[in-house]
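Student: Sharing a structure here in C-alpha cells format.
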Amino acid sequence: MTDKVKIQMPQKVCDIINTLQQAGFEAYAVGGCVRDSLLGRAPNDWDITTSAKPEQVKELFSRTIDTGIQHGTVTVMLDRVGYEVTTYRIDGKYEDGRHPKDVVFTASLEEDLKRRDFTVNAMAYNEKEGLVDLFDGIGDMRHGVLRCVGDPIARFSEDALRIMRAVRFAAQLDYEIEENTKDAMKKLAHNLEKISAERIQVELVKLVTSAHPEGIRTCYETGLTAVFFPEFDRMMETVQNNPHHIYTVGEHTIKAMQHVKADRVLRLAMLLHDSGKPVVKVTDQEGVDHFYGHEDESAKIAKSLLRRLKFDNDTTDRVVRLVKAHDMEILPGEKYMRRAVNRLGEDIFPDLFAVKEADMRAQSDYLLEEKKTQLAAMRKSYEAIIAAGDCISLKSLAVNGRDLLQAGMAPGKEMGDILKALLELVLEEPARNNKEYLLNAAFKLIQKK
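Residue numbers (this note's numbering): 132 to 580.
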C-alpha cells in the first residue's frame, strides 16, 4: 500500500465507500477508474469492490438493483446515478473461455485483485488506505507496459476476450505489450473463436477509434485477425508494386486509418477500403500490379465483415457506400458534383472527401500534387453547391407527385419517370428548379411519349 498517491473521487463514490467502512467492511474504488485517475483522465465509470456480501450491501443503501447478484454485483443508486458495488470474489473454473461457472466470495482484497486481467487494472484505492498496488501496476504505467496479472496463459485461458482487450488497451494507452503476455496471446489466439461477434465488434471499434489504430497490426502479428478478420491477413501479405504505392495493402490501410479522425464510420471505412485488392490483383508484363474493380470487391468484403460482426444496419450501409465510392473520380465542375451527390447520397458527404484524403496521404508521392489539386477542386465544387442551396435530390425538387396529379397527370410508374427526368434537368442547371418551368417541362415530356 502507498499513501503517497492521492486520487480525487466523486463525492458519491466517497459516500458509498465511507458507508461500507463505517459498517465494518472494507471498500475501495477499483480497476479502470483508478488507472484512468492516475493517468489524469476522467473515468467513465467508478466501480467499487468490498468485503461486504451483496445482501449486506443492499441493507446499507435505500435503493439498489440486483445487476449481477449471482456474481456479487449490486448497483447502488444515488440521485439516479448507478454505481456498481461488487463483493471480493474468487472466480471458479472457466468452462466456456468467457465466464466462470461460479464464484466464491472472499474476505481478501488480494484474492479479488489476483483474478483481474492486467496489472494496470488491478489497483484499488480509498482515502483511508491510499493506493493498493500488489502487482506493480504503477511501475508498468511508468514504463508504458501492459502485463497480465500473474500467469498470462491462465488469464487468457479464463477469458479469451482478454486477448482482444490487451490489444485495445495497448492502443488506447499507447503501451507496449509485455513479451510473455504477447507470447500467450499468440498461443491462445484460436480461443477467440469462443467469443461472440458482438463482443469482438465492441473491442474492434474501441481499437480502431483509439489514438493508435495501428494496433490492428498487433492483431495480425498475434494471430487474432486470422480468427475474426482473415481478409486483413491477406491485405498485410499483398505487395503493391505500383508507382502510386510504397506499402503493402495492409500497411497502406493502417496509414490511411491514421490520417482520418477517430470516427467509427470513417475508421472502419479506411480499414476496409482496399480489402478487395488481394482478390483482384493482376500483374502486367512490366511487373506492375493493378487492382481493377477493387472498389466493388472491397464493398462486398466490407458488408460481409460488418454483418459477421453484427454491426447495425446504418453503420454497415454508410461504411459500404464510402468504401465503394472511395476511388471514384468526380470531374471538376458543379454540375458533376451535383450528380455525384445525387448518385452517392447526400449523407456520405463530406465524409467521402475525408476518406479520399486519407487514402491519398497513405500513398507514394507519385502525382501527389495533382491528386491534392483534384481533391481541392472537388471540395470547392461541393461547398459551392451547398452554399447555393442547389437541388440535388427529389426531396428538394420544386414539384412533387401531388403537383403533377393536380396538374392532371395520371398516377403510375410514368409519373416517377417524369420526376426523375425533371431532376436531371435541375442537376444540369439549378436555375430550372421552379414550379412553373418544371410543370411545363413535365407536359412536354408527356407529349413526346
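For every residue, glycine included, the Cβ atom is placed at its ideal position computed from N, Cα and C.
The structure presented is a predicted model; accordingly, all values stated were derived computationally and were not measured.
Please work out which residues of its chain come closer than 6 Å, Cβ to Cβ, to V370, disregarding the five sequence neighbours upstream and downstream, and give them in chain order.
Tutor: T379
Student: With a CB to CB cut of under 8 Å and the five nearest residues on each side skipped, what residues in its chain are close to V530?
Tutor: L550, L553, K566, L569, L570 and A573
Student: Using C-beta distances below 6 Å, list every residue in its chain close to D264, excluding the 5 sequence neighbours before and after it, in chain order.
Tutor: M254
Student: With distances taken Cα to Cα, identify the nearest neighbour of D405 among K392, Q332 and A493.
Tutor: A493
Student: Going by beta carbon distance, what residues of the same chain come within less than 8 Å of K434, once the five residues before and after it are set aside?
Tutor: Hits under 8 Å: T447 and V451.
Student: Figure out for me which residue from F236, G543 and G354 has the closest Cα to the Cα of E324.
Tutor: G354
Student: Going by beta carbon distance, what residues of the same chain come within less than 8 Å of F156, once the five residues before and after it are set aside?
Tutor: For F156, same chain residues with a beta-carbon under 8 Å away, outside a window of 5 residues either side, are T181, S182, A183 and Q187 in chain order.
Student: What distance in whole Å lies between the Cβ atoms of C164 and D146, which are believed to be in contact at a cut-off of 8 Å?
Tutor: That belief does not hold up - the Cβ atoms of D146 and C164 are roughly 15 Å apart, past 8 Å.
Student: I believe K245 touches V280 by the beta-carbon criterion, under 8 Å. Please report the beta-carbon distance rounded to the nearest angstrom.
Tutor: 6 Å
Student: Grouping DSSP H, G and I as helix and E and B as strand, with all else coil, what is A253?
Tutor: coil
Student: Rounded to the nearest angstrom, what separates K455 and A400 at their Cα positions?
Tutor: 10 Å
Student: For D178, name the three-state secondary structure that DSSP assigns.
Tutor: Secondary structure at D178: strand, using DSSP grouped into helix, strand and coil.
Student: Which whole-angstrom value is the C-beta distance of H457 and E428, which I expect to be below 8 Å?
Tutor: Rounded to the nearest angstrom, the Cβ distance from H457 to E428 is 12 Å, too far for a contact under 8 Å.
Student: Thinking R220 and D243 are a contact (beta carbons under 8 Å), I'd like their distance in whole angstroms, please.
Tutor: 6 Å
Student: Sort out for me which residues DSSP pairs H421 with in a bridge.
Tutor: V413
Student: List the residues that DSSP assigns as beta-bridge partners of L277.
Tutor: Partner(s): I308.
Student: Among P374, T349, P409 and F359, which has the Cα closest to the Cα of I593?
Tutor: This structure cannot settle anything about residue 593, because the visible part of the chain is limited to 132 through 580.
Student: For a test of the three-state rule: what should DSSP assign to G213, helix, strand or coil?
Tutor: strand
Student: What number of angstroms, rounded off, separates the C-alpha of I148 from the C-alpha of M272?
Tutor: 25 Å
Student: With a CB to CB cut of under 7 Å and the five nearest residues on each side skipped, what residues in its chain are close to D248?
Tutor: C279, V280, R286, R293 and R296
Student: Using three-state DSSP, classify D222 as helix, strand or coil.
Tutor: When DSSP states are grouped into helix, strand and coil, D222 belongs to the strand group.
Student: Thinking C-beta only, is G275 closer than 8 Å to V251?
Tutor: no
Student: Could you give the distance in angstroms between the alpha-carbon of Y467 and the alpha-carbon of N473?
Tutor: 10 Å
Student: Between H343 and H390, what straight-line distance do the alpha-carbon atoms span, to the nearest angstrom?
Tutor: 11 Å
Student: In terms of residues, what are the limits of the alpha helix (DSSP H) holding F442?
Tutor: Neither: F442 is in no alpha helix (DSSP H) and is coded neither H nor E.
Student: Apart from the five residues on each side of it in sequence, which residues of its chain come closer than 7 Å, Cβ to Cβ, to V358?
Tutor: A320, H321, L323 and E324
Student: Given A515, which residues of its chain have a CB within under 6 Å of its CB, disregarding the five upstream and five downstream residues?
Tutor: E465
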